[in-house]
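Quick note on numbering: the sequence shown equals residues 8 to 128 in our numbering. Ideal Cβ placement from N, Cα and C applies to all residues, glycine included. Structure, as structure tokens:
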Amino acid sequence: MATHLVIGKAAEEMALQYLQSQHLTLIAKNWRCNYGEIDLIMTDKQSVIFIEVRYRKQTSWGEPAETVTYSKRQKLIKAASLFLQQNNSFSAKPCRFDVIAMTGELKNPAIRWLTNAFSLT
Numbered sequence: 008m009a010t011h012l013v014i015g016k017a018a019e020e021m022a023l024q025y026l027q028s029q030h031l032t033l034i035a036k037n038w039r040c041n042y043g044e045i046d047l048i049m050t051d052k053q054s055v056i057f058i059e060v061r062y063r064k065q066t067s068w069g070e071p072a073e074t075v076t077y078s079k080r081q082k083l084i085k086a087a088s089l090f091l092q093q094n095n096s097f098s099a100k101p102c103r104f105d106v107i108a109m110t111g112e113l114k115n116p117a118i119r120w121l122t123n124a125f126s127l128t
């Protein structure tokens with residue numbers, strides 16, 4: 008497996024552990040469809056939360072959250088809509104899009120949880 012994929016997988020696992028420690032429950036991990044992949048889908052019992060995980064060792068080229076482009080947001084929104092259509096038990100709950108932005112050494116990164124990082128519009 009390519010190094011960037013190994014690092015990405017490790018970052019997603021750390022993000023999952025962090026969010027579970029914040030009392031979120033995992034619904035799906037690496038959910039894929041024609042529109043792309045949603046890293047984590049979780050719930051806080053009230054909302055369905057679609058989470059994009061981003062990691063950068065250094066921020067000299069920008070913050071990790073800045074890499075979630077308009078195009079990526081649109082793909083996530085379409086994928087989330089399809090997930091909700093296919094999983095009716097979640098369709099009545101409010102949903103939101105969060106970003107977990109991680110920086111520094113992967114062994115002990117700084118983690119920023121951006122809730123409601125973007126919306127459907």
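**Prompt:** For the alpha helix (DSSP H) that Leu26 lies in, which residues bound it at each end?
**Reply:** Start at 1 with the first residue of the sequence shown, and residue 26 comes out as number 19. 10-28 is the span of the alpha helix (DSSP H), which, as asked, contains Leu26.
**Item:** Supposed contact pair Tyr42 and Leu89 - C-beta distance, whole angstroms, cut 8 Å
**Value:** The sequence position of residue 89 within the sequence shown is 82, counting from 1. The sequence position of residue 42 within the sequence shown is 35, counting from 1. The beta-carbon separation of Leu89 and Tyr42, rounded to 7 Å, stays under the 8 Å limit for a contact.
**Item:** Cα-Cα separation, Val14 to Cys102
**Value:** As a first step, residue 14 is located in the sequence shown; it is residue number 7 there, counting from the start. As a first step, residue 102 is located in the sequence shown; it is residue number 95 there, counting from the start. Reading off the sequence, residue 14 comes out as Ile, not Val. Near 28 Å, if we compare the C-alpha coordinates of Cys102 and Ile14.
**Prompt:** Can you list, in chain order, the residues of its chain whose CB lies under 6 Å from that of Ile45, leaving out five sequence neighbours each side?
**Reply:** The residue given as residue 45 occupies position 38 in the sequence shown. Result list for Ile45: Trp38, Phe57, Ala86, in chain order.
**Message:** Can you give me the C-alpha to C-alpha distance between Glu112 and Val75, rounded to a whole angstrom?
**Reply:** To locate residue 112, count along the sequence shown from 1; it is residue 105. To locate residue 75, count along the sequence shown from 1; it is residue 68. Their Cα atoms are separated by approximately 21 Å.
**Asked** Is DSSP giving Thr76 helix, strand or coil here?
**Response** For this step, residue 76 is matched to residue 69 along the sequence shown. Looking at Thr76 - three-state DSSP - the assignment turns out to be coil, as it is neither helix nor strand.
**Prompt:** Looking at the unbroken alpha helix (DSSP H) that takes in Asn95, where does it start and where does it end?
**Reply:** Taking the first residue of the sequence shown as 1, we reach residue 95 at position 88. Note, Asn95: alpha helix (DSSP H), 95-98.
**Item:** From Gln29, Asn123, Arg119, Gln53, residue whose alpha carbon lies closest to that of Ser98
**Value:** Indexing the sequence shown from 1 puts residue 98 at position 91. That would be Gln53, whose Cα lies nearest to the Cα of Ser98.
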